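Protein chains: 2
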Amino acid sequence: DIVKKVKSLLQGNRDLAGKRVLVTAAGTREPIDPVRYIGNHSSGKMGYALAEAAAARGAEVILVSGPSSLACPAGITVKKVETAAQMREAVLAEFDTVDVVIKAAAVADYRPETAADQKIKKTGNTLTLSLVKNPDILRELGERKKHQLLIGFAAETQELLSHAQEKLIKKNLDMIVANDVTLPGAGFNTDTNIVRVIHKNGLIEELPQLTKRQVAEILIDKICVMLTNYT
Amino acid sequence: DIVKKVKSLLQGNRDLAGKRVLVTAAGTREPIDPVRYIGNHSSGKMGYALAEAAAARGAEVILVSGPSSLACPAGITVKKVETAAQMREAVLAEFDTVDVVIKAAAVADYRPETAADQKIKKTGNTLTLSLVKNPDILRELGERKKHQLLIGFAAETQELLSHAQEKLIKKNLDMIVANDVTLPGAGFNTDTNIVRVIHKNGLIEELPQLTKRQVAEILIDKICVMLTNYT
Numbered sequence: 001d002i003v004k005k006v007k008s009l010l011q012g013n014r015d016l017a018g019k020r021v022l023v024t025a026a027g028t029r030e031p032i033d034p035v036r037y038i039g040n041h042s043s044g045k046m047g048y049a050l051a052e053a054a055a056a057r058g059a060e061v062i063l064v065s066g067p068s069s070l071a072c073p074a075g076i077t078v079k080k081v082e083t084a085a086q087m088r089e090a091v092l093a094e095f096d097t098v099d100v101v102i103k104a105a106a107v108a109d110y111r112p113e114t115a116a117d118q119k120i121k122k123t124g125n126t127l128t129l130s131l132v133k134n135p136d137i138l139r140e141l142g143e144r145k146k147h148q149l150l151i152g153f154a155a156e157t158q159e160l161l162s163h164a165q166e167k168l169i170k171k172n173l174d175m176i177v178a179n180d181v182t183l184p185g186a187g188f189n190t191d192t193n194i195v196r197v198i199h200k201n202g203l204i205e206e207l208p209q210l211t212k213r214q215v216a217e218i219l220i221d222k223i224c225v226m227l228t229n230y231t
Numbered sequence: 001d002i003v004k005k006v007k008s009l010l011q012g013n014r015d016l017a018g019k020r021v022l023v024t025a026a027g028t029r030e031p032i033d034p035v036r037y038i039g040n041h042s043s044g045k046m047g048y049a050l051a052e053a054a055a056a057r058g059a060e061v062i063l064v065s066g067p068s069s070l071a072c073p074a075g076i077t078v079k080k081v082e083t084a085a086q087m088r089e090a091v092l093a094e095f096d097t098v099d100v101v102i103k104a105a106a107v108a109d110y111r112p113e114t115a116a117d118q119k120i121k122k123t124g125n126t127l128t129l130s131l132v133k134n135p136d137i138l139r140e141l142g143e144r145k146k147h148q149l150l151i152g153f154a155a156e157t158q159e160l161l162s163h164a165q166e167k168l169i170k171k172n173l174d175m176i177v178a179n180d181v182t183l184p185g186a187g188f189n190t191d192t193n194i195v196r197v198i199h200k201n202g203l204i205e206e207l208p209q210l211t212k213r214q215v216a217e218i219l220i221d222k223i224c225v226m227l228t229n230y231t
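Read top to bottom, the protein sequences are chains A and B.
Sequence positions in the first sequence follow the working numbering and run 1 to 231.
Sequence positions in the second sequence follow the working numbering and run 1 to 231.
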């Protein structure tokens, strides 16, 4: 009816009202010693854009973020973490009560087996770092999920589609967003992204180069459709 | 005379006018693969504060900075680098023509022996990283220096003074600024610092907890005195 339409035009699209959305963003840092760490190039821009886009549609958003120089967006609960273990803990604490999880963070796959208590002095000409695998948060969520929609990201430098499709299936995702980080306009620190969206049913959509906010809006649109079909 | 005094009050202290000062800041990142790197916690705040303080005294400042979320200060030539090798190149390109070098950057001591062309897939449960020593930029400058004043930093987690004194001598520095990064109010991302200043003649000065800008002003004061005694 007309009242509804006017209201919607005035308020914008609020089709995530009443939904809780958990977004992870940026990279984790795995300590080598108190000074050094293993990090990755994720800036957090894609995840922060998704959190903002979801909040703008009326969702209650929890953003679990690794270190990032981006400002915490207004109206969003932000939980800052450093390591993959801390990210896992923060995500699992919220998982049961959310409707959608978007894992845009670049979580370190490996961490140093032991983090030295003191700064390692440069005595030798070489140094061997033993790394062990971090818990696979996305896989764990895929195994636990009940009503939740689970969206993953795959940042690859080669064989983009096959790596992303494999990840979607192995981790029981509903959708995966794949981007080749070697492409200009699709990297970690850029304001734009070039992604392909792969759905559980096998459908692959290719998006042109867009700003990360535009990509976020399109992904949130797809999530809204999925939520409608779900319930 | 009065004219001189009024001028100085209006302009502030310009006792580095005509001097070229090279400052390094922030940490370096050593690539493991296109996605991952070894980094360190340096925010760049101390180095950027030093660059600004030197510029405010009339110096021509060249700031060689690793990745940092700090804004490039106005009126300063900033050269952004990623790795220790790039920092070395940028510093050596300027070294002969500067009067003062302040090495506040946290340069990675080690880098992965080889950086993988493609993202390393997490196949194994463990991963061994072989690291090799990076060139020691500060030592190289200490060996090359002629007229230049050379100021170093030592960020330590234990045996602060002995490590710093050893570094001062081994690298032929004129002054070293030592801080225990485990102290609250002296860490990498704080806006304050607690430092001890060790001079070539053995004099040790302890400074209280101050803002990084205040520490920078005091260090620049000391550099001005050293420049006067030098020439």
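Glycine included, C-beta positions come from ideal geometry on N, C-alpha and C.
Computed from a predicted model, the values in this text were never measured in an experiment.
Using the Cβ count rule (16 or more neighbours within 10 Å means buried), how would you classify residue i?
| i | result |
| --- | --- |
| residue 41(B) | buried |
| residue 39(B) | buried |
| residue 92(A) | exposed |
| residue 193(A) | buried |
| residue 134(B) | buried |
| residue 101(A) | buried |
| residue 14(A) | exposed |
| residue 124(B) | exposed |
| residue 121(A) | exposed |
| residue 74(A) | exposed |
| residue 81(B) | buried |
| residue 96(A) | exposed |
| residue 212(A) | buried |
| residue 198(B) | buried |
| residue 1(B) | exposed |
At the 8 Å Cβ level, is residue i part of the contact set with chain A, yes or no?
| i | result |
| --- | --- |
| residue 34(B) | yes |
| residue 130(B) | yes |
Applying a beta-carbon distance threshold of less than 7 Å, which residues of chain B neighbour residue i?
| i | result |
| --- | --- |
| residue 115(A) | Correct list: empty, because the minimum Cβ distance to chain B is about 12 Å. |
To which residues of the same chain is residue i closer than 7 Å at the C-beta, ignoring the five residues directly before and after it?
| i | result |
| --- | --- |
| residue 115(A) | 31, 32 and 33 |
| residue 155(B) | 106, 179 and 181 |
| residue 142(B) | 150, 171, 172 and 173 |
| residue 188(A) | 41, 42, 43 and 181 |
Apart from the five residues on each side of it in sequence, which residues of its chain come closer than 8 Å, Cβ to Cβ, to residue i?
| i | result |
| --- | --- |
| residue 196(A) | 160, 161, 164, 177, 178, 179, 204, 205, 206 and 207 |
| residue 220(A) | 16, 50, 53, 54 and 57 |
| residue 98(B) | 20, 21, 22, 62 and 148 |
| residue 157(A) | 180, 181 and 182 |
| residue 79(A) | 62, 63, 64, 65 and 90 |
Could you tell me which residues DSSP pairs with residue i in its beta bridges?
| i | result |
| --- | --- |
| residue 80(A) | 65(A) |
| residue 152(B) | 103(B) and 176(B) |
| residue 199(A) | 175(A) |
| residue 38(B) | 38(A) and 30(B) |
| residue 204(B) | 198(B) |
| residue 181(A) | Its beta-bridge partners do not exist; DSSP assigns none. |
| residue 186(A) | Beta-bridge pairing links residue 186(A) to no other residue. |
| residue 112(A) | 131(A) |
Interface residues of chain A around residue i at Cβ under 7 Å?
| i | result |
| --- | --- |
| residue 119(B) | 156 and 157 |
Whose C-beta lies closer than 6 Å to the C-beta of residue i among residues of the same chain, with five residues either side of it excluded?
| i | result |
| --- | --- |
| residue 94(A) | 22 and 62 |
| residue 68(A) | 26 and 44 |
| residue 153(A) | 104 and 177 |
| residue 77(B) | 62 |
| residue 88(A) | 135 and 137 |
| residue 216(A) | 49, 50 and 53 |
| residue 202(A) | none |
Counting only Cβ pairs nearer than 9 Å, list the residues of chain B close to residue i.
| i | result |
| --- | --- |
| residue 172(A) | Correct list: empty, because the minimum Cβ distance to chain B is about 18 Å. |
| residue 109(A) | 36, 120, 121, 122 and 127 |
| residue 133(A) | 122, 124, 125, 126 and 127 |
Residues of chain B with CB under 8 Å from residue i, in chain order?
| i | result |
| --- | --- |
| residue 39(A) | 29, 36, 37, 38 and 39 |
At 9 Å on the CB atoms, spell out the chain A contacts of residue i, in chain order.
| i | result |
| --- | --- |
| residue 181(B) | 34, 35 and 119 |
Counting only beta-carbon separations shorter than 8 Å, does residue i have a partner in chain B?
| i | result |
| --- | --- |
| residue 69(A) | yes |
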